[in-house]
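Novice: Next up is a structure, given as structure tokens.
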Amino acid sequence: MTCWPRTILHLDMDAFYAAVEQRDNPALRGKPILVGGSGRRGVVTTASYEARVFGCRSAMPTGQALALCPHAIVVPVRMEKYAAESRRVRTILERFSPDIEPISIDEAFVDLTNVPAHAGPERALAAAKEIKQAVRDTTSLTASIGVAANKFLAKVASDLHKPDGLTVIPPGDAEAILAPLPVSVIWGVGKVAAQRLAALNIRTVADLLAADRAMLESQFGSAAAHWRELARGRDVRSVHPSRVNKSIGKEHTFSTDIADPIRLRAILLEEVEQAARSLREDRLLCGCVSLKLRHPSFKTYSRARTLPAPTDSTDELFAAAWPLLNQFLTDSPSPLRLLGVSLQSLTPADEPTLFAPADSPRDRVDALTDRIAARFGRHAIQRAASMDRAVMRRPRSSEDA
Ligand code: TTP
Ligand code: MG
């Protein structure tokens, strides 16, 4: 058996949103479809492979995609559906290794190095086949998988034979496989760098390796040395497992029991704000908000609400949490000894740029308050509605659930 220093698997679902839509609606199968907004400012999140033949691509204005493929069918985005499938795929991956790094809603690295049953090329190949079959059985969708001795090559591999691909890149084959690929496959070579490289007649990975080293470094600084390493198929980055928490919670036990709904509302808002900030830091979305409420008698209650769609927005989470508290206070009018919020049904958020092209004012408020809190501490910024909290006595104890 060949010995690999590390065994990394990369999985990426094929035409993910479009595949889910075609699975759920037989009338869309085999047809060019665009998943995205149909309005004037609509953008394509992804195109089915049938539409890609016409040049339709992710992030293209829908109007432009329709100009390329006038008979394409535009289908609205159903995030909850895709998030649910993403969770099912993750559950499958968890059977193979605890070391999973989700990269986006449809993509993850799995480190098999420390799992003797799946480490090494032959066993990893068998594991990849099993994963693909399990994904197909569970979701009726196809995934492409790449297996290699590092992350970069595993990711390149998963893309080589899409859709429904399975590719292993042995270390000895890396340079030859990479050589003809466009320089844009190199991590860190974005659109602008690729254009600058093209101006220097560097279009493929082979061109990059053949180019004069000093010239590259003078043009691109330290990035150039890094690109050369990747171009040789060398990558030392490790898989960063995101141990997706089951929940993120904040709760306070009060030094004096509190009955005033306005003060309780302010405390709840602050708790939601802090929990939502952790959620955003961990790049997760919350599907269910739950409250923990304790009466002075120590009798403890919980109230939960499922959100219409998973979110990481403070306002949306609070809009679900406050009615729960309000209703509870109406139903059982008693002071509270403890109030806590728990964000549950957590799923990985996709790249922020993917789903928030419009960058709504609400997102901007969250992003700004997160930055201020990160820089100056969480007490540096508070929503006006939670200011009451500042005049409240210090809580007897404050713990993160
Ligand atoms: P990708 O994996 O990049 O694309 P894909 O799964 O649709 O197609 P492929 O077979 O080439 O992997 O992205 C996963 C999903 O993320 C995609 O289905 C839709 C969404 N997405 C966006 O919303 N905006 C974007 O710009 C991109 C690239 C993807
Ligand atoms: Mg994909």
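If you read the sequence shown in this note's numbering, its first letter stands for residue 212, the second for the next number, and so on.
In this text, a Cβ means the ideal position worked out from N, Cα and C, and glycines have one as well.
For the region 535-543 against the region 431-449, are there 3 or more C-beta pairs whose distance is under 8 Å?
Specialist: no
Novice: According to DSSP, which residues form a beta bridge with residue 414?
Specialist: Residue 414 pairs with nothing; no bridge assigned.
Novice: Hey, quick one: how far does the alpha helix (DSSP H) through residue 239 stretch, first residue to last?
Specialist: No alpha helix (DSSP H) contains residue 239, which DSSP labels as neither H nor E.
Novice: How many angstroms separate the CA atom of residue 293 from the CA atom of residue 310?
Specialist: 22 Å
Novice: Where does residue 433 land, buried or exposed, given buried means 16+ other C-beta within 10 angstroms?
Specialist: exposed
Novice: When the Cα atoms are used, what is the spatial distance from residue 564 to residue 305?
Specialist: With a pLDDT of 30 at residue 564, under the threshold of 50, the modelled position of that residue is not reliable, and the figure given next carries that caveat. The straight-line gap from Cα to Cα measures roughly 27 Å.
Novice: Indicate the three-state DSSP secondary structure (helix, strand or coil) for residue 345 in the structure shown.
Specialist: Helix at residue 345.
Novice: Hey, quick one: how far does the beta strand (DSSP E) through residue 459 stretch, first residue to last?
Specialist: 458-469
Novice: For ligand 1, any of its heavy atoms closer than 7 Å to the Cβ of residue 318?
Specialist: yes
Novice: For residue 224, is the beta carbon positioned less than 7 Å from some heavy atom of ligand 2?
Specialist: yes
Novice: Would residue 459 and residue 486 qualify as a contact pair, given that the criterion is a beta-carbon distance under 8 Å?
Specialist: yes
Novice: Could you spell out the range, first to last residue, of the beta strand (DSSP E) harbouring residue 516?
Specialist: 511-522
Novice: What number of angstroms, rounded off, separates the C-alpha of residue 414 from the C-alpha of residue 371?
Specialist: 18 Å
Novice: Measure the alpha-carbon distance for residue 533 versus residue 225 and round it to whole angstroms.
Specialist: Going from the Cα of residue 533 to the Cα of residue 225 covers about 40 Å.
Novice: Where do the ends of the beta strand (DSSP E) carrying residue 223 lie?
Specialist: 219-224
Novice: Does the beta carbon of residue 529 fall short of 7 Å from some heavy atom of ligand 2?
Specialist: Incorrect: residue 529 has no Cβ contact closer than 7 Å to ligand 2.
Novice: Taking only runs that begin and end inside the region 368-449, name each unbroken alpha helix (DSSP H) of 4 or more residues, in chain order.
Specialist: Segments of the alpha helix (DSSP H) lying fully in the region 368-449: 385-389, 402-410, 416-421, 424-431, 434-442.
Novice: Indicate whether residue 259 and residue 285 have their beta-carbon atoms separated by less than 8 Å.
Specialist: No, these two residues do not count as a Cβ contact at 8 Å.
Novice: Is the distance from the Cβ of residue 581 to the Cβ of residue 494 below 8 Å?
Specialist: no
Novice: Does ligand 1 have even one heavy atom less than 7 Å from the beta-carbon of residue 256?
Specialist: yes
Novice: Flag residue 227 as yes when its Cβ comes closer than 7 Å to any non-hydrogen atom of ligand 1, and as no otherwise.
Specialist: Yes, the Cβ of residue 227 comes within 7 Å of a heavy atom of ligand 1.
Novice: Any heavy atom of ligand 1 within a distance shorter than 7 Å of the CB on residue 648?
Specialist: Nothing about residue 648 can be read from this structure; the chain reaches only from 212 to 612.
Novice: Ligand 1 and residue 270: does any heavy atom of the ligand fall closer than 7 Å to the residue's C-beta?
Specialist: Under cutoff, so the answer is yes.
Novice: Is it the case that the region 384-397 contacts the region 464-483, given that we only count it when at least three CB pairs across the two stretches are under 8 Å?
Specialist: no
Novice: Below 7 Å CB to CB, which residues in the same chain sit around residue 442 once its five sequence neighbours on both sides are set aside?
Specialist: 389, 397, 416, 419, 420
Novice: Find the nearest neighbour of residue 253 within the set 237, 275, 328, 574, judged by alpha-carbon distance.
Specialist: 275
Novice: Between the C-alpha atoms of residue 557 and residue 267, what's the straight-line distance to the nearest angstrom?
Specialist: 32 Å
Novice: With respect to the alpha helix (DSSP H) encompassing residue 274, which residues constitute its N-terminal and C-terminal limits?
Specialist: Annotation for residue 274: the continuous alpha helix (DSSP H) segment containing it runs 273-279.
Novice: Just to confirm, does residue 315 get its C-beta within under 7 Å of one of the non-hydrogen atoms of ligand 1?
Specialist: Yes - ligand 1 has a heavy atom lying nearer than 7 Å to the Cβ of residue 315.
Novice: With DSSP run on the structure shown, which of helix, strand or coil describes residue 505?
Specialist: strand
Novice: Taking the C-alpha atoms as reference points, what is the distance between residue 216 and residue 519?
Specialist: 45 Å
Novice: For the region 233-252 and the region 357-369, state whether three or more C-beta atom pairs, one from each stretch, are separated by less than 8 Å.
Specialist: no
Novice: Report the residue from 525, 584, 462 whose alpha carbon sits nearest the alpha carbon of residue 553.
Specialist: 462
Novice: Applying the criterion that 16 or more other CB atoms from any shown protein chain within 10 Å of the CB defines a buried residue, is residue 402 buried or exposed?
Specialist: The residue is exposed, with fewer than 16 neighbouring Cβ atoms inside 10 Å.
Novice: Pick helix, strand or coil for residue 298, following the three-state DSSP scheme.
Specialist: helix
Novice: Which residue wins for smallest C-alpha separation from residue 542, given the options 328, 439, 472?
Specialist: 472
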